[in-house]
Amino acid sequence: MTAVEPARTPLTIDDYELDKALDAAATAYTNALAPDLPPLAWSHRYESGRRRPVLSGQVAYFTYPGRFVEVAQQWAERLGLAESEDTLPGQRMWFGAALGRFGDVRVWCIVDRAAWDRAGER
Numbered sequence: 404m405t406a407v408e409p410a411r412t413p414l415t416i417d418d419y420e421l422d423k424a425l426d427a428a429a430t431a432y433t434n435a436l437a438p439d440l441p442p443l444a445w446s447h448r449y450e451s452g453r454r455r456p457v458l459s460g461q462v463a464y465f466t467y468p469g470r471f472v473e474v475a476q477q478w479a480e481r482l483g484l485a486e487s488e489d490t491l492p493g494q495r496m497w498f499g500a501a502l503g504r505f506g507d508v509r510v511w512c513i514v515d516r517a518a519w520d521r522a523g524e525r
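Written as structure tokens, this is what we have:
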């Protein structure tokens, strides 16, 4: 049996690159669960003020022109999410505990780009 060599170089983890890899994995995994639905960009993170992680699916504003609400509603219905009134200006969101004790799920889209941009400038 051969002894394991000690690491010679310190391991450095880039937070940004790790987030990108995790988002890519969450996106691939979640979209594969519903191949009949339009794919979304997914992320899985702990957010400030939340005790459980949130799996968040965004309908990209330019990906489905004029259909972003329809696409978001399709995903929300499949996941059993309810529309939330707690949103930012120019946004619609559906939210629920589709992951049970493991976390919440959110699907959201921008419906008014100008209002969304103004809200971001504050």
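Here the sequence shown is numbered in the numbering used here, starting from 404 and rising by one per residue.
Idealized CB from N, CA, C, for every residue including glycine.
Just so you know, these numbers come straight off a predicted model, no measurement behind them.
Indicate the three-state DSSP secondary structure (helix, strand or coil) for residue i in the structure shown.
i: A500; result: coil
i: G384; result: Any answer about residue 384 is impossible in this case: the structure gives the chain only from 404 up to 525.
i: V514; result: coil
i: E408; result: coil
i: R509; result: strand
i: E486; result: strand
i: R521; result: helix
For residue i, which residues from the same chain have a beta carbon less than 6 Å from its beta carbon, with the 5 sequence-adjacent residues on both sides left out?
i: N434; result: P442
i: S459; result: S446 and R509
i: D417; result: none
i: D426; result: S446
In chain order, what residues of the same chain lie with their CB nearer than 7 Å to the CB of residue i, ignoring the 5 residues before and after it?
i: W478; result: L440, L443, G460 and V510
i: K423; result: none
i: A463; result: A444
i: A437; result: R481
i: A485; result: W497, F498 and G499
i: E450; result: V457
Can you tell me the Cα-Cα spacing of residue i and residue j, whole angstroms?
i: R420; j: V407; result: One point to set straight first is that residue 420 is Glu, not Arg, in the sequence displayed. Looking at the two C-alpha atoms, the distance is approximately 28 Å.
i: Q476; j: D489; result: 17 Å
i: L414; j: S487; result: 42 Å
Within its chain, find whatever has a CB closer than 8 Å to the CB of residue i; leave out the 5 residues flanking it on each side and keep chain order.
i: W519; result: L491, P492, G493, Q494 and I513
i: A526; result: Only positions 404 to 525 of the chain appear in this structure, which leaves residue 526 out of reach.
Report buried or exposed for residue i, applying the criterion of at least 16 other Cβ atoms within 10 angstroms of its Cβ.
i: F505; result: exposed
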